[in-house]
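**Student:**
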Amino acid sequence: MKILLTGATGYIGRRLKERLLEDKSLQLRLFVRNERKIRDKYRDRVEIFEGSTFDKESLRKALEGIDVAYYLIHSMGTKGDFAKLDRLSAENFLRACIDANVQRIIYLGGLGRKDTASRHLLSRIETGEILSRRPESIQTIWIRAGIIIGSGSASFEIIRNLVQKLPMIITPRWVHTKTQPIGISDVLEYLFQAKDLDTKKNLVVDIGSDQMSFKEMLIRASKVMGLRRVLIPVPLLTPRLSSYWLILMTPVSYRIAKALVEALKSETVIQNDNAKRYFPHISPLSYEDAVKTALGEIEKKQIISRWCDSSAEEVCDIKDQGRIEAAVFVEKSVYDFGKIPSEMIFASIQSIGGENGWFRCDWLWKLRGTVDKLVGGPGLNRGRRDPALLRVGDSLDFWKVIDLKKGKRLLLSSQMKLPGKAWLEFSVEDTALVQTVYFLPQGLWGRLYWYLIKPFHIFIFSDLAKGIIKRAKALSIWTGIDMKL
Ligand SMILES: NC(=O)c1ccc[n+]([C@@H]2O[C@H](COP(=O)([O-])OP(=O)(O)OC[C@H]3O[C@@H](n4cnc5c(N)ncnc54)[C@H](OP(=O)(O)O)[C@@H]3O)[C@@H](O)[C@H]2O)c1
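Numbering (the numbering used here), first residue to last: 100 to 584.
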């Protein structure tokens with residue numbers, strides 16, 4: 100069976116790729132917007148096709164010879180009309196699949212009813228309807244899931260942060276609405292098995308475990324974490340205020356917080372029993388077990404994908420983000436690291452930020468992060484996915500990894516709210532660590548901003564480079580690599 104996986108760099112797609120690769124009989128082709136987001140270790144196991152669902156020619160090429168195509172794409176977060184883009188994307192995909200004689204489309208959408216759906220859910224429903232529009236030419240299996248419990252998923256990060264940070268959680272009215280969460284491993288199993296279903300008709304399959312309210316989800320998660328939490332109902336907390344409250348208390352962006360609150364205003368529960376009928380061998384994990392599994396992955400630092408590393412959102416698109424030559428201000432510093440092995444220097448560069456911190460001036464970074472969060476930026480809360488490794492496309496506090504050449508170069512592009520665009524580059528050249536800050540100001544305020552913060556750079560950036568070298572030295576001592584000092 101030859102499979103095309105779209106959205107292969109997204110939250111669900113990255114994990115489904117791993118699941119599909121477990122079956123050696125499958126031939127897997129990935130359809131991605133930027134092939135640099137796929138790590139080298141996969142390159143000889145998959146075919147990679149670059150393109151976009153808005154580029155029909157790239158779709159045509161990617162679908163050639165394909166039997167089953169997964170559709171794991173959405174346009175939420177784009178500045179324009181995301182519902183219109185979602186429609187166009189699904190129409191292009193359906194047309195291209197029919198032309199290429201694909202047998203089956205498998206799509207993962209959201210759970211819920213059309214008459215009470217939020218704008219986001221409505222667009223997911225429209226996408227499913229478009230993809231299912233031509234049953235005489237192609238079969239569509241449309242799987243619908245509500246809140247997904249998994250390490251790095253936005254909803255789970257909200258639950259985890261609220262429960263871990265607040266002994267008393269104020270709860271608005273929407274926390275009483277019924278919903279039906281499901282563990283990520285079950286979602287992947289339904290998607291995986293859907294390719295082999297023995298039926299020719301279109302299907303809508305609603306999936307979920309136990310029914311419960313968001314309030315129960317908080318209480319039950321706190322029990323799993325061994326924490327006693329008090330929930331205080333505050334009926335005056337409007338959806339808008341709730342969203343602001345969520346962005347202050349959790350790492351998610353305003354857009355995601357708003358989408359979640361909107362979604363939870365109406366019930367999102369299973370509408371059919373097709374999951375049991377067509378997938379009798381899957382018994383979804385209980386909510387508690389799904390929470391335990393997600394927490395276990397976080398503890399073991401085994402997070403495969405996160406909510407903030409992909410999306411149609413402009414800030415997540417790494418294309419055209421690496422244009423440092425456009426910068427007006429460039430601040431380059433060179434630090435000699437003597438006989439410390441250069442691989443240790445690079446390992447140390449790769450581990451900056453997140454829980455590992457930004458060295459001596461950490462408090463200044465935290466202050467900048469708080470200011471950023473208050474003005475609507477991501478702040479520092481996104482942290483890092485893995486304590487030691489980065490991959491292109493990863494979020495790193497308020498930065499995004501744009502380029503990563505092992506042992507040679509790391510380029511970060513700013514995602515904080517700035518009157519311009521900033522980049523931070525580290526490169527290793529012989530025995531020198533070269534650290535460069537680039538800034539492209541936007542208007543007069545942008546230039547003013549640069550001169551205002553320039554004095555702070557002396558502390559922040561020289562300490563950063565020295566910290567990197569110091570940690571590299573410690574790393575080489577711990578790992579026993581001879582520095583020949
Ligand atoms: N995550 C959840 O909790 C959840 C819950 C219920 C249902 N779902 C459904 O699952 C599906 C996948 O969601 P997700 O959370 O995995 O999304 P995601 O993390 O935001 O990933 C979206 C993926 O789509 C790619 N993409 C976006 N626009 C594209 C285009 N025009 N052409 C080609 N690729 C494009 C992105 O590429 P880049 O990496 O280049 O950005 C990324 O790989 C969606 O239909 C969603 O409604 C998700």
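The C-beta atom is built at its ideal place from N, Cα and C for all residues, glycine as well.
None of these values were measured; they are calculated from a predicted model.
Look up residue 332 in the DSSP assignment and say whether it is helix, strand or coil.
**Tutor:** Here residue 332 corresponds to residue number 233 of the sequence shown, with the count starting at 1. The three-state secondary structure of residue 332, taken from DSSP, is strand.
**Student:** Select from 542, 534 and 308 the residue whose C-alpha is nearest the C-alpha of residue 557.
**Tutor:** For this step, residue 557 is matched to residue 458 along the sequence shown. Measuring from the Cα of residue 557, the nearest candidate turns out to be 534.
**Student:** Check residue 427 in the structure and name its three-state DSSP category.
**Tutor:** The residue you call residue 427 lines up with position 328 of the sequence shown. Correct three-state label for residue 427: coil.
**Student:** Have a look at 251, 325 and 353 and flag the residue whose alpha-carbon is nearest the alpha-carbon of residue 473.
**Tutor:** Here residue 473 is taken as the residue at index 374 of the sequence shown, counted from 1. Its Cα nearest to that of residue 473, the residue 353 stands out among 251, 325 and 353.
**Student:** Determine the DSSP secondary structure at residue 278, reduced to helix, strand or coil.
**Tutor:** Walking along the sequence shown from the start, residue 278 turns up at place 179. Looking at residue 278 - three-state DSSP - the assignment turns out to be strand.
**Student:** State the start and end residues of the unbroken alpha helix (DSSP H) segment that holds residue 561.
**Tutor:** One-based indexing of the sequence shown puts residue 561 at position 462. Where residue 561 is concerned, the enclosing alpha helix (DSSP H) stretches over 542-578.
**Student:** Classify residue 170 as buried or exposed, calling it buried when 16 or more other Cβ atoms lie within 10 Å of its own Cβ.
**Tutor:** Locating residue 170 in the sequence shown gives position 71, where the first residue counts as 1. Burial check for residue 170: the Cβ neighbour count within 10 Å reaches 16 or more, so the residue is buried.
**Student:** Looking at ligand 1, does it come within less than 7 Å of residue 458, judged from the CB to the closest heavy atom?
**Tutor:** Looking up residue 458 in the sequence shown gives position 359. Not under cutoff, so the answer is no.
**Student:** Have a look at the DSSP bridge pairing and note the partners of residue 241.
**Tutor:** As a working mapping, residue 241 is identified with position 142 in the sequence shown. DSSP output for residue 241 lists 206 and 303 as bridge partner(s).
**Student:** On the DSSP letters alone, give me the boundaries of the beta strand (DSSP E) that residue 391 sits inside.
**Tutor:** Against the sequence shown, residue 391 aligns to sequence position 292. It is not in any beta strand (DSSP E) - residue 391 instead sits in the alpha helix (DSSP H) that spans 386-398.
**Student:** Please determine, among 423, 537 and 551, the residue with the shortest C-alpha to C-alpha distance to residue 543.
**Tutor:** Within the sequence shown, residue 543 is the residue found at index 444, counting from 1. Nearest to residue 543 by C-alpha distance, out of 423, 537 and 551, is 551.
**Student:** Examine the Cβ distances between the segment 453-472 and the segment 560-580 and report whether three or more of them are shorter than 8 Å.
**Tutor:** Per the Cβ contact rule, the segment 453-472 is in contact with the segment 560-580 (3 or more Cβ pairs under 8 Å).
**Student:** When the distance is taken between beta carbons, is residue 239 closer than 8 Å to residue 191?
**Tutor:** Position 92 of the sequence shown, counted from the first residue, corresponds to residue 191. Position 140 of the sequence shown, counted from the first residue, corresponds to residue 239. No, these two residues do not count as a Cβ contact at 8 Å.
**Student:** Any heavy atom of ligand 1 closer than 7 Å to the beta-carbon of residue 179?
**Tutor:** Here residue 179 refers to the residue found at position 80 of the sequence shown. Result no, Cβ not under 7 Å from ligand 1.
**Student:** Does the beta-carbon of residue 173, which I'm using as the reference point, lie nearer than 7 Å to any heavy atom of ligand 1?
**Tutor:** Start at 1 with the first residue of the sequence shown, and residue 173 comes out as number 74. Checking the Cβ of residue 173 against ligand 1 gives yes.
**Student:** Starting from the Cα of residue 105, find the closest Cα among 188, 184 and 179 and give me that residue.
**Tutor:** Here residue 105 refers to the residue found at position 6 of the sequence shown. Ranking the options by Cα distance to residue 105, first place goes to 188.
**Student:** From the DSSP output, which residues share a beta bridge with residue 270?
**Tutor:** The sequence position of residue 270 within the sequence shown is 171, counting from 1. BP columns for residue 270 point to 332.
**Student:** Secondary structure at residue 106, three-state DSSP: helix, strand or coil?
**Tutor:** Sequence index remark: in the sequence shown, residue 106 carries index 7 (1-based). In the displayed model, residue 106 falls within coil according to three-state DSSP, outside both helix and strand.
**Student:** Could you check if residue 555 is buried or exposed, using at least 16 other CB atoms within 10 Å of its CB as the buried criterion?
**Tutor:** Taking the sequence shown and counting its residues from 1, one reaches residue 555 at position 456. Exposed.
**Student:** Give me the Cβ distance between residue 605 and residue 486, rounded to the nearest whole Å; I'm assuming they're in contact under 8 Å.
**Tutor:** Outside the shown range of the chain (100 to 584) lies residue 605, about which nothing can therefore be said.
**Student:** Quick check: the Cα distance between residue 413 and residue 129, rounded to an integer number of angstroms?
**Tutor:** In the sequence shown, residue 413 corresponds to position 314, counting from 1. In the sequence shown, residue 129 corresponds to position 30, counting from 1. The predicted model places residue 413 with a pLDDT of 49, which falls under 50 and marks its position as unreliable, so this point remains unresolved.
**Student:** To which residues does DSSP link residue 367 through a beta bridge?
**Tutor:** Taking the first residue of the sequence shown as position 1, residue 367 is located at position 268. BP columns for residue 367 point to 278.
**Student:** Say whether the segment 303-312 touches the segment 270-290, bearing in mind that this needs 3 or more beta-carbon pairs closer than 8 Å, one atom from each stretch.
**Tutor:** yes
**Student:** By a C-beta neighbour count over all protein chains shown, 10 Å radius and 16 as the cutoff for buried, is residue 115 buried or exposed?
**Tutor:** In the sequence shown, the residue the question calls residue 115 occupies position 16. So residue 115 counts as buried.
**Student:** Which residues in the same chain have their Cβ closer than 6 Å to the Cβ of residue 571, if we skip the five residues on either side of it in sequence?
**Tutor:** For the purposes of this step, residue 571 is taken as the residue at position 472 of the sequence shown. Contacts found: 439, 443, 444 and 447.
**Student:** My guess is that residue 336 and residue 402 are in contact by the Cβ rule of under 8 Å, so how many angstroms apart are they, rounded?
**Tutor:** Walking along the sequence shown from the start, residue 336 turns up at place 237. Walking along the sequence shown from the start, residue 402 turns up at place 303. Between residue 402 and residue 336 the Cβ distance is about 31 Å, and since that is not below 8 Å, they are no contact.
**Student:** Tell me the rounded alpha-carbon separation between residue 199 and residue 441.
**Tutor:** The residue given as residue 199 occupies position 100 in the sequence shown. The residue given as residue 441 occupies position 342 in the sequence shown. Going by the C-alpha atoms only, they are around 49 Å apart.
**Student:** Measure the CB-CB distance between residue 567 and residue 451 and report whether it falls below 8 Å.
**Tutor:** As a position in the sequence shown, residue 567 is number 468, starting the count at 1. As a position in the sequence shown, residue 451 is number 352, starting the count at 1. Yes, the Cβ-Cβ distance between residue 567 and residue 451 is below 8 Å.
**Student:** Any heavy atom of ligand 1 closer than 7 Å to the Cβ of residue 270?
**Tutor:** To locate residue 270, count along the sequence shown from 1; it is residue 171. Not so, every heavy atom of ligand 1 lies at least 7 Å from the Cβ.
**Student:** Return helix, strand or coil for residue 461, following the three-state DSSP convention.
**Tutor:** To locate residue 461, count along the sequence shown from 1; it is residue 362. Here residue 461 sits in helix by DSSP.
**Student:** Relative to the C-alpha of residue 377, which residue among 386, 304 and 427 is closest?
**Tutor:** Start at 1 with the first residue of the sequence shown, and residue 377 comes out as number 278. If we check each option's Cα against that of residue 377, 304 comes out closest.
**Student:** Is residue 260 near ligand 1, with its Cβ less than 7 Å from a heavy atom?
**Tutor:** One-based indexing of the sequence shown puts residue 260 at position 161. No; taking the cut-off as 7 Å, the Cβ of residue 260 has no heavy atom of ligand 1 nearer than that.
**Student:** Could you check if residue 334 is buried or exposed, using at least 16 other CB atoms within 10 Å of its CB as the buried criterion?
**Tutor:** Translated into positions along the sequence shown, residue 334 becomes position 235. Exposed, by the Cβ-count rule.
**Student:** List in chain order: all unbroken alpha helix (DSSP H) runs of 4+ residues lying wholly within the segment 435-498.
**Tutor:** 441-449 and 461-473
**Student:** As a quick exercise: from 237, 225 and 521, pick the residue whose alpha carbon is nearest that of residue 548.
**Tutor:** Locating residue 548 in the sequence shown gives position 449, where the first residue counts as 1. The shortest C-alpha separation from residue 548 is found at 521.
**Student:** Going by beta carbon distance, what residues of the same chain come within less than 7 Å of residue 437, once the five residues before and after it are set aside?
**Tutor:** Here residue 437 corresponds to residue number 338 of the sequence shown, with the count starting at 1. These residues qualify, in order along the chain: 530.
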